[in-house]
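For the sequence shown, the tail end lands on 297 under the working numbering, and the numbers increase by one without skipping. Ideal Cβ positions, reconstructed from N, Cα and C, are used throughout, including at glycine. Everything on this sheet refers to the single structure shown next.
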Amino acid sequence: MKTILLLLTAILFTAAARADEQVISTFSWKELADAGKLTAGTLTGAPDNALKVENRGPGAMSATVLTIVQPKITTDFYAVTGEVRYDNVEGNGFLEMWSHFGETAAYFSRTLGLAGPMAKLTGTSDWRAFTLPFNAKGASSRPSKLVVNVKLPGKGSVFLRNLKLVQSTSFDGAATQTGGGWSDRTAGIVGGVGGALIGCLGALIECLAARGKAQRFVVNAVRVLIGAGVAFALGGLAAVALRQPYGVWYAFLLLGVLVVMIFPFRLRRYQDRYREFELRRMTSMDATAR
């Protein structure tokens, strides 16, 4: 029972930690183009609905793709997130966000990491998540303007889609936000609901097994949970391998790994317990017959 409660607590705690993240704005390249606010690049159209920024070389290029005036940011931690794809980028390109505080102060965030959502743009990559986080803790005011640029040192093409402005009560929350079809809030809800259901079912199974009741239901329910856990874990690993955004794989992988780690051992213990109950019952019947 303690293990089941720990499982439920861990999932709900993690889900709550994700739920404090908030999407402030989403951006459509088509809507920006229709409003005459598209400052660089060309639209690719369906199905990607992406913005293409191309450097035909041979020199470096900088393109401002998004300007957010008076963003409605109310916390110290925020980020511009989305998805990026690139083809044949020479050298180390990157995405860049300038946070302007009034007319005199401006600070940048850049995707110059080796891996993950803050990785640099080099070579060729399929769609993957990116994030441009900023920690404004200690600033005397909120940012007055955010400017997102694409920087390419040489030839190459960069595609951007599903851009969002998000904020969080912690820097980790803003830094791990991604631009997939699921937001991290959705991942938190899925993880919380899934964890609650698994926790409640696990508590019921534990209660029945402790009393030697409903053996067939208990054994079959645990087997179903193990199968579901394996499926969740494999789905999460596949999403990671395909470079899907964090919000896509997080909930599945968390639930799958925890279930696979806990319930196979529980199943063996439950089966042993039912055998003990059966042995006691047979011993009692023999004693009564005598």
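Where residue i and residue j are concerned, what is the direct C-alpha to C-alpha distance, given to the nearest angstrom?
i    : j    : result
D279 : V87  : 54 Å
I100 : R223 : According to the sequence displayed, residue 100 carries Gly and not Ile. Going from the Cα of G100 to the Cα of R223 covers about 59 Å.
L311 : T131 : A question about residue 311 goes unanswered here, because the residues of the chain that appear run from 8 up to 297.
M292 : L232 : 35 Å
F239 : G201 : 11 Å
C207 : L286 : 29 Å
R92  : L128 : 9 Å
L215 : R282 : 14 Å
L102 : I269 : 42 Å
S106 : T71  : 13 Å
V264 : L211 : 21 Å
A217 : L262 : 25 Å
K162 : R273 : 57 Å
A67  : R230 : 58 Å
D133 : T111 : 38 Å
A221 : A228 : 11 Å
L73  : N62  : 17 Å
R275 : A248 : 32 Å
G187 : R135 : The predicted model places G187 with a pLDDT of 47, which falls under 50 and marks its position as unreliable; any figure quoted below should be read in that light. Between G187 and R135, the C-alpha separation is close to 9 Å.
L204 : Y277 : 20 Å
A40  : L260 : 38 Å
V237 : V267 : 6 Å
M104 : S69  : 12 Å
E97  : E38  : 31 Å
L241 : V226 : 23 Å
D83  : G64  : 38 Å
S148 : G109 : 8 Å
T176 : R288 : 57 Å
D55  : G199 : 31 Å
G243 : A235 : 12 Å
Y257 : N95  : 30 Å
T290 : A245 : 51 Å
I75  : L172 : 9 Å
W36  : A126 : 23 Å
Is residue i near the ligand FAD - that is, is its Cβ less than 6 Å away from at least one heavy atom of it?
i    : result
V226 : Looking at this structure, you won't find the ligand FAD or any other ligand, since it has none at all.
What span of residues does the beta strand (DSSP E) with residue i cover, start to end?
i    : result
A248 : No beta strand (DSSP E) contains A248, which is instead part of the alpha helix (DSSP H) from 222 to 248.
L102 : 84 to 108
G133 : Position check: residue 133 holds Asp in this sequence, whereas Gly was assumed. D133 -> beta strand (DSSP E) spans 128 to 142.
G219 : Element bounds for G219: n/a, residue is neither H nor E.
S147 : From DSSP, S147 is part of no beta strand (DSSP E); its letter is neither H nor E.
L172 : 163 to 175
A112 : 112 to 117
Is the Cβ-Cβ distance between residue i and residue j less than 7 Å?
i    : j    : result
P150 : F137 : no
Y85  : Q174 : yes
A57  : T51  : yes
L139 : S116 : yes
L153 : G89  : no
G209 : F284 : no
Examine chain B for any beta-carbon lying closer than 7 Å to the beta-carbon of residue i, and answer yes or no.
i   : result
L39 : You won't find chain B in this structure, because it holds only one protein chain.
**Report entry** Sufficient close CB pairs (3 or more, under 8 Å) joining the region 120 to 127 to the region 154 to 162
**Finding:** no
Query - the region 130 to 149 / the region 37 to 45 touching (three or more Cβ pairs under 8 Å) - result: no
**Report entry** Stretch-stretch touch, CB-based, cutoff 8 Å, three pairs: the region 29 to 36 with the region 65 to 80
**Finding:** yes
Report task. Scan the region 18 to 72 and note each continuous beta strand (DSSP E) run of 3 residues or more that stays entirely inside, going in chain order. Result -> 29 to 34, 58 to 62
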